[in-house]
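Chemist: Offset between the sequence shown (1-based) and our numbering: plus 3. Got a structure for you, questions after.
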Amino acid sequence: MSTAILTGLPVPGSQLGPELRSLGFDVRSAQRPEDLPGLLAEVPPGERVALVDPSFVGHTHALRLALTDPRFPAAAVSGAMAVQAEARPALGRALADLAGAPAPAAAGASVAVNAPSTGTGVLVDRLAAALEDRGTAVHRPELGSLVATVPAGPEAAFTARKAVDAVDDEAVRLRTAVKSRDGFFTTFFISPYSRYLARWCARRGLTPNQVTTASLLTALIAAGCAATGTRGGFVAAGALLLFSFVLDCTDGQLARYSLQYSTLGAWLDATFDRAKEYAYYAGLALGAARGGDDVWALALGAMVLQTCRHVVDFSFNESNHDASANTSPTAALSDKLDSVGWTVWVRRMIVLPIGERWAMIAVLTAVTTPRTVFYVLLVGCAFAACYTTAGRVLRSLTRRATRTDRAAQALAELADNGPLAELFAKAAPIRKGAWTAPVLALLGAAAPVAAALTQDLDGPYVIVAAALYAVFAGAAVSRPLKGALDWLVPPFFRAAEYCTVLILAARSEVNGALPAAFGLVAAVAYHHYDTVYRIKGGSGAPPRWLVRLTGGHEGRTLVVAVLAAALADRGTDFTLALTVLAVAIALLVVVESIRFWVSSGAPAVHDEGEPA
4 MSTAILTGLP
14 VPGSQLGPEL
24 RSLGFDVRSA
34 QRPEDLPGLL
44 AEVPPGERVA
54 LVDPSFVGHT
64 HALRLALTDP
74 RFPAAAVSGA
84 MAVQAEARPA
94 LGRALADLAG
104 APAPAAAGAS
114 VAVNAPSTGT
124 GVLVDRLAAA
134 LEDRGTAVHR
144 PELGSLVATV
154 PAGPEAAFTA
164 RKAVDAVDDE
174 AVRLRTAVKS
184 RDGFFTTFFI
194 SPYSRYLARW
204 CARRGLTPNQ
214 VTTASLLTAL
224 IAAGCAATGT
234 RGGFVAAGAL
244 LLFSFVLDCT
254 DGQLARYSLQ
264 YSTLGAWLDA
274 TFDRAKEYAY
284 YAGLALGAAR
294 GGDDVWALAL
304 GAMVLQTCRH
314 VVDFSFNESN
324 HDASANTSPT
334 AALSDKLDSV
344 GWTVWVRRMI
354 VLPIGERWAM
364 IAVLTAVTTP
374 RTVFYVLLVG
384 CAFAACYTTA
394 GRVLRSLTRR
404 ATRTDRAAQA
414 LAELADNGPL
424 AELFAKAAPI
434 RKGAWTAPVL
444 ALLGAAAPVA
454 AALTQDLDGP
464 YVIVAAALYA
474 VFAGAAVSRP
484 LKGALDWLVP
494 PFFRAAEYCT
504 VLILAARSEV
514 NGALPAAFGL
524 VAAVAYHHYD
534 TVYRIKGGSG
544 APPRWLVRLT
554 GGHEGRTLVV
564 AVLAAALADR
574 GTDFTLALTV
584 LAVAIALLVV
594 VESIRFWVSS
604 GAPAVHDEGE
614 PA
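Dropping the structure here:
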């Protein structure tokens, strides 16, 4: 249990103590400010500790935001603050320093409602300011209409209590449980009721991770229903997929409603969305096969397109994450359009984000065929990909920005170059111009894809093209990726690897090759998503030994080319080889990923925007 220490004797009639206990705190009171160091020392070092002024007046949710959010080492609102274990030493030093300093003349002065105090005589606020002065970041949550204040006297206390009574604490809590930026379908067709489902879960002690797991299981059952190949199965699959999305929204809303953020939850939320969607694609393909229609190539194509869309998003954002002078006329026009209400929703819908996409898939599954589902999905996602990529290219060309070493490192890690590309990068570093890296990456990517499309699989040309791809891949990243369009390098590599696998499996016409290729691309895509979320959390890419052991994108492409040349004319041997490769890569990347994300040093990455 966490501990809350009142910095003075409780105010008669105050409900502050019960409120703190309802938030999970063991409440103690200091007789005098001089007693605080001793009370703080009595709290076990690994526990969160909160300091609250006994005269605090405000909403319970304001206290919850300041005192219970696990994402921040220290957080504060006016009159209340909390520190976690890592900030406890800094709090002790700040308290010791303030104990030797004279209190300001304004001790006990009023603190304005909703305004954080950094210079008043309220001890808690002085401690929060002292922590910031000594380099400890103190999170100050946006309170909006919520009240948090330490009134100076009876009249101020009366005014503060009236302000508290005027705002429905629970309504604010429910409203803020919903993401600030979501798609049209999610905002208007899911969130109006899923927030209440989140509250229902919170009141019954369910955790976001349990809801996330329930969403995954529901989606897997939906995929199983689709795999039956019957009309009833397709209808059930569509309904279950929509319910899975409702639960997917609920888990995040539950986390925000109850402030139950965790590293494991962030990882589950980040990876399960992709697992659910791609498992559903496989279910549709199996269902179609039961009806005599082979759509595995379409299913794999949909997964390739969707994954490449995501890497475009991630690469562009990482390349501009901390760029200086990061402005452009195109970005200014986009911001201007966002100020017009209806254009915001149109622009969010045409990129086919997860809510719109899953709703479309669910409805089409129920009323049409798997082949139709994939045709519409591919056309919609292709249009969305062209729209977003063209906009980002235009922004990059018109933007005057200086990109950092961190951005260049992130792009190099997203590239996922293996030992062959590393070797060629060292052996033949090239002098780079503004467009050199993306041009080299595009030329290299085109080689294996074109060869796979046009050349005999049992000849040497596909292998030669894959080897040439490795040379170009190394050359493309032989210098820091700081050019305006260098963020295109990772997407080109993803498209080359995935499309080569797809084309070789399809052209081999070997029974089971496409499902095996689907599994292989799924395993590799998991590795690439895992890389993204590690980078977003600031912990860097997976260890180099894992990248080298899995071959890097160019090594895997070369291996598949060799397997196709050697085994494509030997029937199921090619399928077996692809399956073995898929299982080996999946075991390597998933085991290492689990080890990392359950470790104490893993970052908690909570996405507050709706991913495509």
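Ideal Cβ positions, reconstructed from N, Cα and C, are used throughout, including at glycine.
Count the other CB atoms within 10 Å of the CB of Asn-514; is the residue buried (16 or more) or exposed (fewer)?
Modeler: Exposed.
Chemist: Over what stretch of residues does the beta strand (DSSP E) that includes Leu-9 continue unbroken?
Modeler: Its beta strand (DSSP E) spans residues 5 to 9.
Chemist: Near Arg-293, which residues of its chain fall below 6 Å by C-beta distance, leaving aside the five closest residues on each side in sequence?
Modeler: Closer than 6 Å at Cβ, skipping near neighbours: Gly-232.
Chemist: Within 9 Å of any Cβ in chain D, is that where the Cβ of Thr-253 sits?
Modeler: In the structure shown, chain D does not exist; there is a single protein chain.
Chemist: Please state whether the Cβ-Cβ distance between Leu-517 and Trp-299 is less than 9 Å.
Modeler: Taking 9 Å as the Cβ cut-off, Leu-517 and Trp-299 qualify as a contacting pair.
Chemist: Please look up how many angstroms separate the CB atoms of Gly-20 and Thr-152, rounded, as I've assumed it's under 8 Å.
Modeler: Not confirmed; about 18 Å, so no contact.
Chemist: Can you name the start and end residues of the beta strand (DSSP E) that Arg-31 belongs to?
Modeler: Where Arg-31 is concerned, the enclosing beta strand (DSSP E) stretches over 28 to 32.
Chemist: If we require 4 or more residues per run, which alpha helix (DSSP H) segments fall completely within the stretch 497 to 559?
Modeler: Runs found: 516 to 539, 547 to 552.
Chemist: Are there three or more Cβ pairs, one per stretch, closer than 8 Å when the stretch 257 to 270 is compared with the stretch 279 to 290?
Modeler: The answer is no - the stretch 279 to 290 does not touch the stretch 257 to 270, with fewer than three Cβ pairs under 8 Å.
Chemist: Under a three-way DSSP split, which group does Leu-146 fall into?
Modeler: It is coil, neither helix nor strand.
Chemist: Give the secondary structure of Ala-305 by DSSP, where H, G and I count as helix, E and B as strand, and everything else as coil.
Modeler: Correct three-state label for Ala-305: helix.
Chemist: When DSSP builds the beta bridges, which residues end up paired with Met-352?
Modeler: Note: Met-352 sits in no beta bridge, so no partner.
Chemist: Measure the Cβ-Cβ separation of Ala-498 and Val-465 and say whether it is below 9 Å.
Modeler: Contact: no.
Chemist: Give the single residue among Ala-166, Val-46, Thr-578, Lys-539 whose Cα lies nearest to the Cα of Trp-270.
Modeler: Answer by Cα proximity: Lys-539.
Chemist: Please work out which residues of its chain come closer than 6 Å, Cβ to Cβ, to Asn-117, disregarding the five sequence neighbours upstream and downstream, and give them in chain order.
Modeler: Low local confidence applies: a pLDDT of 38 at Asn-117 is under 50, so the model's placement there is unreliable, and no value is given.
Chemist: Specify, as a first and last residue, the run of the alpha helix (DSSP H) that Arg-259 falls within.
Modeler: Here the alpha helix (DSSP H) through Arg-259 covers 234 to 261.
Chemist: Just to check my reading of the structure: Val-167 and Val-55 have Cβ atoms closer than 8 Å, yes? What is that Cβ distance to the nearest angstrom?
Modeler: Not a contact, Cβ separation roughly 16 Å.
Chemist: Whole angstroms are fine: how far does the CA of Ala-79 sit from the CA of Leu-6?
Modeler: It should be pointed out that residue 6 corresponds to Thr in this sequence rather than to Leu. Taking the straight line from one Cα to the other gives about 15 Å.
Chemist: Leaving out five residues before and five after Ile-353 in sequence, what residues of the same chain have Cβ atoms less than 7 Å from its Cβ?
Modeler: If we look at Ile-353 and ignore the five residues flanking it on each side, its Cβ neighbours are Ala-387, Tyr-390.
Chemist: Going by DSSP in three states, Leu-12 sits in which element: helix, strand or coil?
Modeler: Of the three classes helix, strand and coil, the one that applies to Leu-12 here is coil, per DSSP.
Chemist: Which residue comes first and which comes last in the alpha helix (DSSP H) that contains Arg-403?
Modeler: From DSSP, Arg-403 is part of no alpha helix (DSSP H) but of the beta strand (DSSP E) over 403 to 405.
Chemist: Quick check on the DSSP output: the beta strand (DSSP E) that includes Val-601 runs from which residue to which?
Modeler: It is not in any beta strand (DSSP E) - Val-601 carries neither H nor E in the DSSP assignment.
Chemist: Tell me the DSSP bridge mates of Met-363?
Modeler: Answer is none; Met-363 lacks a bridge partner.
Chemist: With burial defined as no fewer than 16 other Cβ atoms inside 10 Å of the residue's Cβ, what is the status of Ala-83: buried or exposed?
Modeler: Buried.
Chemist: Based on the DSSP secondary-structure assignment, which residues constitute the bridge partners of Ala-78?
Modeler: For Ala-78, which the question treats as bridged, DSSP gives the partners Ala-85, His-142.
Chemist: Do the stretch 523 to 532 and the stretch 442 to 456 touch if we need at least three Cβ pairs shorter than 8 Å?
Modeler: The stretch 523 to 532 is not in contact with the stretch 442 to 456.
Chemist: Would you kindly work out how many angstroms separate the C-alpha atoms of Ala-217 and Thr-210, rounded to a whole number?
Modeler: Roughly 11 Å between the two C-alpha positions.
Chemist: Three or more beta-carbon pairs under 8 Å between the stretch 94 to 104 and the stretch 34 to 47, yes or no?
Modeler: The answer is yes - the stretch 34 to 47 touches the stretch 94 to 104, with three or more Cβ pairs under 8 Å.
Chemist: Identify, in the order they occur along the chain, each residue of the same chain with its Cβ nearer than 7 Å to the Cβ of Ala-33, setting aside the five sequence neighbours on each side.
Modeler: Here the set comprises Ile-8, Leu-9, Thr-10, Gly-11, Leu-39, Leu-42.
Chemist: Tell me which same chain residues have a C-beta within less than 8 Å of the C-beta of Cys-311, skipping the five on either side of it?
Modeler: Ala-388, Pro-494, Arg-497, Ala-498, Tyr-501.
Chemist: Which two residues bound the contiguous beta strand (DSSP E) that contains Leu-54?
Modeler: 52 to 55 is the extent of the beta strand (DSSP E) around Leu-54.
Chemist: What is the rounded straight-line gap between the Cα of Ala-411 and the Cα of Ala-404?
Modeler: Looking at the two C-alpha atoms, the distance is approximately 13 Å.
Chemist: On the CB-based measure, 16 or more other CB atoms within 10 Å of its CB, does Arg-547 come out buried or exposed?
Modeler: Classification of Arg-547: exposed, given that the 10 Å Cβ count is below 16.
Chemist: Name the two residues that bound the continuous alpha helix (DSSP H) containing Gly-268.
Modeler: Its alpha helix (DSSP H) spans residues 266 to 293.
Chemist: Rounded to whole angstroms, what is the Cα-Cα separation between Glu-595 and Lys-165?
Modeler: Rounded to the nearest angstrom, the two C-alpha atoms are 55 Å apart.
Chemist: Hey, how far is the Cα of Gly-486 from the Cα of Arg-406?
Modeler: Each residue's Cα considered, the two are about 8 Å apart.
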